[in-house]
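Here's the structure we're looking at; comments come further down.
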Amino acid sequence: QESALASEVRPQPALYISINIDIGGTGVRLREKLVLRCSCSRRACVHLLKEKVPVLSWLPTYRLKKWILGDTVAGLTVGILHIPQGMAFALLTSVAPIFGLYTSFFPVVLYMIFGTGRHVSTGTFAVVSLMTGSVVEQLVPVPLELNSSSSEAADFEAQRIGVASAVALLSGLIMLCMFGLQLGFLSTYLSEPIVKAFTSAAAFHVTVSQLQSMLGLRLPRHTGTFSLFKTLASVMENLPHTNMAELLMSLVCLAVLVPVKEINMRYRHRLRTPIPVEILTVIIATVVAYATSLNSAYDIEIVGHIPAGFPKPKMPAIHTFPDIAGDTIAITFVGYAVSVSLAMIYADKHGYSIHPNQELLAHGISNTVSSFFTCFPSSATLATTNILESAGGYTQVRKYKRIYSPKNDLFFFLYPSAHGCALFVYSCSFLVCSPLWLS
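Using full-length UniProt numbering, you'd call the opening residue of the sequence shown number 1 and step up by one each time.
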């Protein structure tokens with residue numbers, strides 16, 4: 001019996017020695033090491049795929065009964081509001097309003113697949129749009145004589161969106177390079193005071209950009225250094241020309257939104273889903289505008305016709321890369337800083353974590369791919385992110401509702417722009433962080 005056990009044990013050291021000899025041999029050492037390093041098990045492949053495509057991780061575990069109502073309400077609300085916001089911020093980018101709608105669609109689909117921020121709403125953002133618009137104005141200035149009914153006007157618009165799309169493409173490529181270098185750790189240097197201060201300052205910029213629409217003023221756009229203060233001065237100078245009907249609509253909207261927001265916050269543990277005050281006010285404002293013909297009777301600005309269909313893929317104006325490189329780097333870092341800051345704020349609030357490197361990949365893919373569909377640079381948006389969270393959104397599924405919500409063109413045709421601007425200002429007011437105030 002002892003000899004039998006010995007015979008079973010003896011071959012094992014010999015096998016161990018032979019393996020060491022094979023791997024350590026001079027003839028096959030490099031080849032064997034490469035095979036070992038490059039081999040990947042099925043389990044490791046699945047783990048890597050779920051890590052880089054987060055939708056494969058959270059979608060199978062989606063709690064349908066608990067989350068579907070909040071995600072549906074939040075998605076419909078944000079989807080409606082992205083129509084006037086996209087069209088307005090497209091004008092800040094110095095391109096036609098329809099391109100703002102495209103920018104509110106394609107990046108949403110891609111971020112839903114690759115992003116890690118559950119409460120982040122992507123699309124057009126005022127600060128990024130202003131910076132991109134400055135680049136467009138420099139490279140494609142308005143000619144002295146432009147016939148709006150000729151092919152010259154179409155070529156002019158094509159040149160402008162070509163430059164804006166080139167900025168989006170280069171910005172996306174920069175983010176993808178940062179992801180490849182694993183530079184997401186730079187977000188660790190965004191301390192809590194910096195994040196909240198940056199978010200509050202951006203919210204103030206968005207608020208100022210919406211003031212003239214809330215007051216019914218049609219003012220020229222200010223760009224360059226101190227444009228914020230120039231805009232404020234222009235609004236103050238033109239206060240006597242305020243459209244009282246649009247001002248009244250904005251004030252009524254704020255008077256309804258703010259108290260209901262407080263009710264939702266105070267009784268959030270008792271309510272199954274927050275009161276959808278945002279979408280209710282949108283519906284009421286649109287019905288009132290239709291029943292009373294506010295646009296013709298009181299000269300209230302409405303959204304108007306929404307073009308249908310999707311654009312054909314088109315190559316951005318890549319020949320402008322040398323001219324836009326410097327400005328695009330600044331736009332990239334501003335967009336990423338805003339996006340990561342918002343994601344961190346709401347992740348801390350709801351008890352989950354984000355992955356900065358994955359955010360680089362998500363926004364990089366969003367900007368790169370969407371640039372071929374005549375989109376300008378996108379990022380997380382302040383107002384709609386806060387609206388999405390306050391409306392009861394839980395996961396990225398609400399983006400499906402947002403994608404397919406703008407279907408009824410006749411309904412959104414009469415949506416008052418002043419109501420949308422008041423809603424953005426209301427949302428940004430809750431992004432001004434009270435811990436930063438000095439007592």
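In this text, a Cβ means the ideal position worked out from N, Cα and C, and glycines have one as well.
Looking at the structure shown, is I302 part of a helix, part of a strand, or coil, going by DSSP?
Within the sequence shown, numbered from 1, the residue matching residue 302 stands at position 302. Three-state result, I302: strand.
Could you please give me the residues that DSSP links to T122 through a beta bridge?
Reading the sequence shown from its first residue, position 122 is the one you call residue 122. A380, per the DSSP bridge assignment.
Would you kindly work out how many angstroms separate the C-alpha atoms of F226 and L232, rounded to a whole number?
In the sequence shown, residue 226 corresponds to position 226, counting from 1. In the sequence shown, residue 232 corresponds to position 232, counting from 1. Taking the straight line from one Cα to the other gives about 10 Å.
Quick one: Cα of residue 444 to Cα of P240, how far?
The structure shown does not extend to residue 444, since the chain is modelled only from 1 to 439, so the question has no answer here.
Counting pairs of beta carbons, one from the stretch 200-210 and one from the stretch 365-375, are three or more of them closer than 8 Å?
no
On the three-pair Cβ rule with 8 Å, is the stretch 91-105 touching the stretch 161-169?
Yes, the stretch 91-105 touches the stretch 161-169.
Any beta carbon from chain B within less than 8 Å of I194's own beta carbon?
In summary, chain B is missing from the structure at hand, where a single protein chain is found.
Buried or exposed for R43, going by 16 or more other Cβ atoms inside 10 Å?
Translated into the one-based positions of the sequence shown, residue 43 becomes position 43. Its Cβ having fewer than 16 others within 10 Å, R43 is exposed.
Assuming I387 and E262 make a contact with CB atoms under 8 Å, what is their CB distance in whole Å?
Residue numbering aside, residue 387 sits at position 387 when the sequence shown is read from its first letter. Residue numbering aside, residue 262 sits at position 262 when the sequence shown is read from its first letter. The Cβ separation is near 15 Å, so there is no contact.
Indicate whether the contact test is met: 3 or more Cβ pairs, each with one atom in the stretch 319-338 and one in the stretch 377-387, closer than 8 Å.
yes
On a Cα-Cα basis, can you pick out the residue from F125, T320, P220 and T328 that is closest to L342?
Position 342 of the sequence shown, counting from 1, holds the residue named residue 342. Ranking F125, T320, P220 and T328 by Cα distance to L342 puts F125 first.
As a quick exercise: from V109, H119, G79 and V78, pick the residue whose alpha carbon is nearest that of H350.
Counting from one through the sequence shown, the residue named residue 350 turns up at place 350. The option with the nearest alpha carbon to H350 is H119.
Output the distance between the C-alpha atoms of A347 and T116, rounded to the nearest integer angstrom.
As a working mapping, residue 347 is identified with position 347 in the sequence shown. As a working mapping, residue 116 is identified with position 116 in the sequence shown. Between A347 and T116, the C-alpha separation is close to 10 Å.
Using 8 Å as the threshold, is the C-beta distance between M131 and V334 below it?
Within the sequence shown, the letter at position 131 stands for residue 131. Within the sequence shown, the letter at position 334 stands for residue 334. Yes, these two residues count as a Cβ contact at 8 Å.
Relative to the C-alpha of L190, which residue among A422, V258 and P356 is closest?
To locate residue 190, count along the sequence shown from 1; it is residue 190. It is P356.
CB L254 to CB L215, shorter than 8 Å?
Walking along the sequence shown from the start, residue 254 turns up at place 254. Walking along the sequence shown from the start, residue 215 turns up at place 215. No, the pair does not count as a contact, with Cβ atoms beyond the cut-off.
What residues are listed by DSSP as bridge partners for P416?
On the sequence shown, residue 416 is found 416 positions in, with the first residue counted as 1. Per DSSP, the beta bridge partners of P416 are I302.
Between the Cα of L217 and the Cα atoms of I300, S293 and F185, which residue gives the shortest distance?
Taking the first residue of the sequence shown as 1, we reach residue 217 at position 217. Closest in C-alpha terms to L217, from the list I300, S293 and F185, comes I300.
Tell me whether R104 is buried or exposed, calling it buried when 16 or more other Cβ atoms sit within 10 Å of its Cβ.
Translated into the one-based positions of the sequence shown, residue 104 becomes position 104. The question names Arg, yet the displayed sequence has Ser at residue 104. Looking at its Cβ environment, which holds 16 or more other Cβ atoms inside 10 Å, S104 is buried.
Using the three-state DSSP reduction, which class does M315 fall into: helix, strand or coil?
Translated into the one-based positions of the sequence shown, residue 315 becomes position 315. Note: M315 maps to coil in three-state DSSP.
Measuring straight from C-alpha to C-alpha, what distance separates I284 and T61?
The residue you call residue 284 lines up with position 284 of the sequence shown. The residue you call residue 61 lines up with position 61 of the sequence shown. Cα to Cα, the separation comes out at about 36 Å.
Where does S104 sit, in a helix, a strand or coil, going by DSSP?
The residue you call residue 104 lines up with position 104 of the sequence shown. The answer is coil: DSSP assigns S104 none of H, G, I, E or B.
Taking the alpha-carbon of P54 as reference, which of A362, A422 and S366 has the nearest alpha-carbon?
Position 54 of the sequence shown, counted from the first residue, corresponds to residue 54. Taking only the C-alpha atoms, the option nearest P54 is A362.
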